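Undergrad: Heads up, the sequence shown is in our numbering, so the first residue is 262 and it goes up one at a time.
Ideal Cβ placement from N, Cα and C applies to all residues, glycine included.
Keep in mind it's a predicted model, so treat the numbers as computed, not measured.
The structure follows.
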Amino acid sequence: MFTDHVTLTLSSGKGGQGCVAFRREKFVTQGGPNGGDGGRGGDVWFRCDNNTHTLSHFKGTRNLKAEGGAPGLGSRMTGKSGDKLVVVVPPGTQVVDVETGDVLYDLVKDGEEVKFMIGGKGGLGNFHFKSSTNQQPRYAQPGQPAVTREVKLDLKLIADVGLVGFPNVGKSTLISTVSNARPEIANYEFTTLTPKLGQVDVGDYDSFVMADIPGIIGGASDGKGLGLQFLRHIERTNTLLFMIDIASYHEMKTQYDTLKLELKRFSEVLSKSAYAIALTRVDVLPVDEAPEIIGNFLKDIGLEQSTHNEFKFDDNLGFYAQVGADETSEIDLSKPYFVAPISSVMRTNVEALKFGLYSLIKRFR
Numbered sequence: 262m263f264t265d266h267v268t269l270t271l272s273s274g275k276g277g278q279g280c281v282a283f284r285r286e287k288f289v290t291q292g293g294p295n296g297g298d299g300g301r302g303g304d305v306w307f308r309c310d311n312n313t314h315t316l317s318h319f320k321g322t323r324n325l326k327a328e329g330g331a332p333g334l335g336s337r338m339t340g341k342s343g344d345k346l347v348v349v350v351p352p353g354t355q356v357v358d359v360e361t362g363d364v365l366y367d368l369v370k371d372g373e374e375v376k377f378m379i380g381g382k383g384g385l386g387n388f389h390f391k392s393s394t395n396q397q398p399r400y401a402q403p404g405q406p407a408v409t410r411e412v413k414l415d416l417k418l419i420a421d422v423g424l425v426g427f428p429n430v431g432k433s434t435l436i437s438t439v440s441n442a443r444p445e446i447a448n449y450e451f452t453t454l455t456p457k458l459g460q461v462d463v464g465d466y467d468s469f470v471m472a473d474i475p476g477i478i479g480g481a482s483d484g485k486g487l488g489l490q491f492l493r494h495i496e497r498t499n500t501l502l503f504m505i506d507i508a509s510y511h512e513m514k515t516q517y518d519t520l521k522l523e524l525k526r527f528s529e530v531l532s533k534s535a536y537a538i539a540l541t542r543v544d545v546l547p548v549d550e551a552p553e554i555i556g557n558f559l560k561d562i563g564l565e566q567s568t569h570n571e572f573k574f575d576d577n578l579g580f581y582a583q584v585g586a587d588e589t590s591e592i593d594l595s596k597p598y599f600v601a602p603i604s605s606v607m608r609t610n611v612e613a614l615k616f617g618l619y620s621l622i623k624r625f626r
């Protein structure tokens, strides 16, 4: 089960009670107080672990508490300190204070650890309260109480490229073709119900991570469909790939405008991310009709077919790429980095798409 947000009540450990005791040994008269201190309560820590991918292990668990400190003992022995509580979360988890709404931590690095709450200090034993006027103190301090806070854990997956598009436009097919991800694929809308991550290899030594989220429909920013619920998983990406179905009953321009609008309504920052466009399912069109349809779409969004072909897109189908789109030149973020017709099934332009996306990603790494 994929779970990307939970609310937890976390408590540090209570400090142990100080001990009231007196030294009693043969041949030792008036031994005096020797009660030990209570042990310190356990701290609460967060640990980022790359071996976890969801927050599902917190399902059914709402209260977590560190171990309390043990009471002090006679002979001035300090009680055992309580074990710390370690809350293990996947990379990309934000810890949010429920009361204030503030983001307390943003855990993104594997192995990163932060101390969230300190356990209560143990109480002092009666040994500490002896004096010339109080030679038999019969009281000790209680341990400091536990601290309790309510937090919300929000998981935002970490990826280099986020796929956005209408339902059933081929996002899952593409990510299964170019990466190690194996999402469910079927010929109906909303097949993808949860986000998926896949590692895309580019050559022998380079790679990037691609994120597939459920399809976005018109009105997603108002809560329609599933896309809005999972859009936060691509908030961390610097690059978006718009997936537009060339053979859908939705007009290509309509798909493009709807995606741009819903992204802007969700996040002004996300809507200004660098992006590219993949025109999917080009294989279902007659070969002689595809160039005209693609050319008309480019004109509809204010672009012209490009002769710049650094990424080796199929010239016969038509495409757009920003001229001089290399690592050193500036690009216009208001326009797509490239517009390429692809077929994941026939692998048309798939390799060129990978290199084009990697070229764009390297600008922001």
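Between L414 and T354, which are expected to be in contact by the criterion C-beta below 8 Å, what is the C-beta distance as a whole number of angstroms?
TA: Numbered from its first residue, the sequence shown carries residue 414 at position 153. Numbered from its first residue, the sequence shown carries residue 354 at position 93. Indeed they touch by this definition, with Cβ atoms about 6 Å apart.
Undergrad: P398 to G293, Cα distance in whole Å?
TA: Residue numbering aside, residue 398 sits at position 137 when the sequence shown is read from its first letter. Residue numbering aside, residue 293 sits at position 32 when the sequence shown is read from its first letter. Between P398 and G293, the C-alpha separation is close to 9 Å.
Undergrad: From which residue to which residue does the beta strand (DSSP E) around A613 run?
TA: Within the sequence shown, numbered from 1, the residue matching residue 613 stands at position 352. Taken as a continuous stretch (DSSP letters only), A613 belongs to no beta strand (DSSP E), being part of the alpha helix (DSSP H) at V611 to I622.
Undergrad: What residue does the beta strand (DSSP E) around G563 start on, and which one ends it?
TA: Here residue 563 refers to the residue found at position 302 of the sequence shown. Here G563 belongs to no beta strand (DSSP E), and DSSP marks it neither H nor E.
Undergrad: Is T394 close to the ligand GDP? I mean its beta-carbon at under 7 Å from any heavy atom of the ligand.
TA: For the ligand GDP, the structure offers nothing, since it holds no ligand at all.
Undergrad: Looking only at its own chain, which residues have a Cβ that is under 6 Å from the Cβ of D483, when we skip the five neighbours before and after it?
TA: Position 222 of the sequence shown, counting from 1, holds the residue named residue 483. Caution is warranted here: a pLDDT of 46 is assigned to D483, below 50, making its placement in the model unreliable, and the coordinate value is therefore given only provisionally. Around D483: no qualifying Cβ.
Undergrad: For L512, does the three-state DSSP call read helix, strand or coil?
TA: Within the sequence shown, the letter at position 251 stands for residue 512. The question names Leu, but residue 512 is Glu in the sequence shown. If DSSP states are grouped into helix, strand and coil, E512 belongs with coil.
Undergrad: Please list the terminal residues of the continuous beta strand (DSSP E) segment that includes Q348.
TA: Along the sequence shown, read from residue 1 onward, the residue named residue 348 stands at position 87. It should be noted that the sequence gives Val, not Gln, for residue 348. Looking at the DSSP string, the run of the beta strand (DSSP E) that includes V348 is L346 to V350.
Undergrad: Residues in the same chain with beta-carbon distance under 7 Å from L334, minus the five sequence neighbours each way, listed in chain order, please.
TA: Position 73 of the sequence shown, counting from 1, holds the residue named residue 334. For L334, where only same-chain residues beyond five positions count, the Cβ hits under 7 Å are C280, G297 and G340.
Undergrad: Using CA coordinates, which residue listed in Q291, D265 and G299 is at the minimum distance from Q396?
TA: The residue given as residue 396 occupies position 135 in the sequence shown. Among Q291, D265 and G299, the Cα nearest to that of Q396 belongs to Q291.
Undergrad: Alpha carbon to alpha carbon, how far is G563 from K320?
TA: In the sequence shown, counting from the first residue as 1, residue 563 sits at position 302. In the sequence shown, counting from the first residue as 1, residue 320 sits at position 59. Using only the alpha carbons, I get a separation of about 49 Å.
Undergrad: Where do the N-terminal and C-terminal ends of the beta strand (DSSP E) with E374 fall, by residue?
TA: Taking the first residue of the sequence shown as 1, we reach residue 374 at position 113. E374 -> beta strand (DSSP E) spans E374 to M378.
Undergrad: Restricting to Cα atoms, I'd like to know which of F558, R410 and M378 is closest to I505.
TA: Here residue 505 refers to the residue found at position 244 of the sequence shown. Here the closest residue by C-alpha is F558.
Undergrad: Tell me, please, which residues DSSP counts as bridged to E496.
TA: Locating residue 496 in the sequence shown gives position 235, where the first residue counts as 1. Answer by DSSP bridge pairing: none, since E496 is not bridged.
Undergrad: Taking P547 as the reference, which of A508, G426 and G303 has the closest Cα?
TA: Here residue 547 refers to the residue found at position 286 of the sequence shown. Selected option, being the one with the closest Cα: A508.
Undergrad: Classify R285 as buried or exposed, calling it buried when 16 or more other Cβ atoms lie within 10 Å of its own Cβ.
TA: Start at 1 with the first residue of the sequence shown, and residue 285 comes out as number 24. R285 comes out exposed.
Undergrad: For the alpha helix (DSSP H) that contains L435, what are its first and last residues?
TA: Mapped onto the sequence shown, residue 435 falls at position 174. Per DSSP, L435 belongs to the alpha helix (DSSP H) from K432 to V439.
Undergrad: Helix, strand or coil: how does DSSP classify I592 here?
TA: As a working note, residue 592 is residue 331 in the sequence shown. If DSSP states are grouped into helix, strand and coil, I592 belongs with coil.
Undergrad: Can F625 and T500 be called in contact, C-beta distance under 8 Å?
TA: If you number the sequence shown from 1, residue 625 lands on position 364. If you number the sequence shown from 1, residue 500 lands on position 239. Yes, they are a contact pair.
Undergrad: Using the C-alpha atoms, what's the distance from T315 back to V350?
TA: As a working mapping, residue 350 is identified with position 89 in the sequence shown. As a working mapping, residue 315 is identified with position 54 in the sequence shown. One C-alpha to the other measures close to 8 Å.
Undergrad: Just the C-alpha distance for A537 and G343, rounded to the nearest angstrom, thanks.
TA: Position 276 of the sequence shown, counting from 1, holds the residue named residue 537. Position 82 of the sequence shown, counting from 1, holds the residue named residue 343. Cα to Cα, the separation comes out at about 53 Å.
Undergrad: Hey, quick one: how far does the beta strand (DSSP E) through L269 stretch, first residue to last?
TA: Start at 1 with the first residue of the sequence shown, and residue 269 comes out as number 8. L269 -> beta strand (DSSP E) spans H266 to S272.
Undergrad: Can you tell me whether K275 is helix, strand or coil according to DSSP?
TA: Indexing the sequence shown from 1 puts residue 275 at position 14. In this structure, K275 counts as coil in the three-state DSSP scheme.
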